[in-house]
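J.:
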Ligand code: NAD
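Residue numbers (full-length UniProt numbering): 1 to 255.
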């Protein structure tokens, strides 16, 4: 894809599987050097190796728990020192637990907010600061159509609230950094065929079938479709786009 690559460094959080891994593959195929990060060291290491083999590109894996601000800061420092200054960040790691609101456990609420909202912000702050200092960079945050009221699944209060928050964060940072050379956007996937959705299907099969029936396109999105939209927003083809939220959902949110 035009406007990507040229040895630029891209970092993907939650890159061990699903949407993150698919995006690492698109970025590596375009000639970028890709830092795959995840809490799951075994799956992440494997993903980075597989992506390098499939694309002939350059990748590395680093363990990163996005909910730990010290770890985020430490990795940002280390990558600069090791000659991997991050030009493009995909703030993608997320979890999608389910609980009735009246019973929502404190720990689960805090963990969801800690990963899906705080974790996105720590990454935007620490990698974004370096981009602002260099006067160039691009960030894409993975939000979700679940962040937009009409399509929030039931029993996903924490998930929907955090996804709405990070979609808005992309708007806020896009405006705050608009004159710095750093663009910040968000991709809001609809239901996409990844392990996170397999877990939702196993928890509540009836709800899952209802969601499927409501997708105007009549099918799930593929991880590659979310990856392509993310790569477009990261590329110079989208040089005029900042503070935008792009739904990639087979028409679900427009319904
Ligand atoms: P996934 O479960 O395959 O990927 C999520 C990854 O995040 C996993 O590899 C997991 O190990 C990692 N992760 C979890 N906690 C982490 C932490 N604290 N630090 C770093 N990594 C952590 O699911 P996916 O569908 O590829 O999800 C990617 C993103 O897309 C998520 O933010 C999700 O909310 C969003 N999303 C997915 C869908 C869908 O239908 N699949 C729809 C809308 C939005």
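For glycine and all other residues, C-beta sits at the position ideal for the given N, C-alpha and C. Owing to the predicted nature of the structure, the values given are computational and were not obtained by experimental measurement.
With distances taken between CB atoms, is the gap from residue 194 to residue 131 smaller than 9 Å?
T.: What you label residue 194 is simply residue 194 of the chain shown in a count that begins at 1. What you label residue 131 is simply residue 131 of the chain shown in a count that begins at 1. Not a contact, by the Cβ cut-off of 9 Å.
J.: Where does residue 223 land, buried or exposed, given buried means 16+ other C-beta within 10 angstroms?
T.: Position 223 of the chain shown, counting from 1, holds the residue named residue 223. Counting Cβ neighbours within 10 Å, residue 223 comes out buried, since at least 16 surround it.
J.: For residue 73 and residue 41, I'd like the C-alpha separation in whole angstroms.
T.: Counted from its first residue, the chain shown places residue 73 at position 73. Counted from its first residue, the chain shown places residue 41 at position 41. The straight-line gap from Cα to Cα measures roughly 19 Å.
J.: Let me know the alpha helix (DSSP H) ranges lying completely inside the region 112-155, each 4 residues or longer, listed in chain order.
T.: 119-134, all fully within the region 112-155.
J.: Within the same chain, show all residues whose beta-carbon is closer than 6 Å to that of residue 236, passing over the 5 residues directly before and after it, in chain order.
T.: The sequence position of residue 236 within the chain shown is 236, counting from 1. Correct list, in chain order: 3.
J.: Can you tell me where the alpha helix (DSSP H) with residue 214 in it begins and where it stops?
T.: For this step, residue 214 is matched to residue 214 along the chain shown. It spans 205-214 - the alpha helix (DSSP H) in which residue 214 sits, taken as one unbroken run.
J.: Count the other CB atoms, across all protein chains shown, that sit within 10 Å of the CB of residue 216; report buried if there are 16 or more and exposed otherwise.
T.: For this step, residue 216 is matched to residue 216 along the chain shown. That one is exposed.
J.: By alpha-carbon positions, which one of 30, 50, 7, 6 ends up nearest to residue 15?
T.: Within the chain shown, residue 15 is the residue found at index 15, counting from 1. Looking at the Cα atoms, 50 is the closest of the given residues.
J.: Give me, in chain order, the residues of the same chain whose beta-carbon lies closer than 7 Å to that of residue 84; leave out the 5 immediate sequence neighbours on both sides.
T.: If you number the chain shown from 1, residue 84 lands on position 84. Excluding positions up to five away in sequence, the list reads 9, 33, 35.
J.: Please classify residue 102 as buried or exposed, where buried requires at least 16 neighbouring CB atoms within 10 angstroms.
T.: Stepping through the chain shown from its first residue, residue 102 is reached at position 102. Answer is exposed; the Cβ neighbour count stays below 16.
J.: Taking the alpha carbon of residue 252 as the point to measure from, which residue in 88, 210, 244 has its own alpha carbon closest?
T.: Numbered from its first residue, the chain shown carries residue 252 at position 252. It is 210.
J.: Verify the contact flag: residue 77, CB atom, against every heavy atom of the ligand NAD, threshold strictly below 8 Å.
T.: Translated into the one-based positions of the chain shown, residue 77 becomes position 77. No - the ligand NAD has no heavy atom lying nearer than 8 Å to the Cβ of residue 77.
J.: Within a Cβ cutoff of 6 Å, which residues of the same chain sit near residue 190, ignoring the five residues on either side of it in sequence?
T.: Position 190 of the chain shown, counting from 1, holds the residue named residue 190. Once the five neighbours on either side are set aside, the close Cβ partners of residue 190 are 145, 221, 249, 250, 252.
J.: Do you know how far the Cα of residue 93 is from the Cα of residue 143?
T.: Counted from its first residue, the chain shown places residue 143 at position 143. Counted from its first residue, the chain shown places residue 93 at position 93. If I take the Cα positions, the gap works out to 10 Å.
J.: Starting from residue 64, follow the alpha helix (DSSP H) in both directions and report where the run begins and ends.
T.: Translated into the one-based positions of the chain shown, residue 64 becomes position 64. Taken as a continuous stretch (DSSP letters only), residue 64 belongs to no alpha helix (DSSP H), as it is neither H nor E.
J.: Tell me where the alpha helix (DSSP H) around residue 72 begins and ends.
T.: Walking along the chain shown from the start, residue 72 turns up at place 72. Element bounds for residue 72: 69-81.
J.: Taking C-beta to C-beta, are residue 257 and residue 75 nearer than 9 Å?
T.: The first residue shown for the chain is 1 and the last is 255, placing residue 257 beyond what the model contains.
J.: With DSSP as the reference, label residue 228 as helix, strand or coil.
T.: Reading the chain shown from its first residue, position 228 is the one you call residue 228. In this structure, residue 228 counts as helix in the three-state DSSP scheme.
J.: Would the beta-carbon of residue 98 be found less than 8 Å away from any heavy atom of the ligand NAD?
T.: Working through the chain shown from its first residue, we reach residue 98 at position 98. No, since every heavy atom of the ligand NAD falls outside the 8 Å radius drawn around the Cβ of residue 98.
J.: In three-state terms, what does DSSP make of residue 189?
T.: Translated into the one-based positions of the chain shown, residue 189 becomes position 189. Residue state, collapsed to three classes: strand.
J.: Using a threshold of 9 Å, state whether the C-beta atoms of residue 128 and residue 79 are closer than that.
T.: Residue mapping note: residue 128 aligns to position 128 of the chain shown, counting from 1. Residue mapping note: residue 79 aligns to position 79 of the chain shown, counting from 1. Not closer than 9 Å, so no.
J.: Measuring CA to CA, which of 233, 208, 156, 227 is closest to residue 183?
T.: On the chain shown, residue 183 is found 183 positions in, with the first residue counted as 1. Comparing Cα positions, the closest option is 233.
J.: Per DSSP, which residues does residue 35 bridge with? Please list them.
T.: As a first step, residue 35 must be located in the chain shown, where it is residue number 35. Bridge partners of residue 35: 11, 60.
J.: Who are the Cβ neighbours of residue 61 in its own chain at under 6 Å, not counting the five residues just before and after it?
T.: Taking the first residue of the chain shown as 1, we reach residue 61 at position 61. For residue 61, where only same-chain residues beyond five positions count, the Cβ hits under 6 Å are 36, 44, 45, 48.
J.: When you measure from the CB of residue 216 to every non-hydrogen atom of the ligand NAD, does any distance come out below 8 Å?
T.: In the chain shown, counting from the first residue as 1, residue 216 sits at position 216. Every heavy atom of the ligand NAD is 8 Å or more from the Cβ of residue 216, so no.
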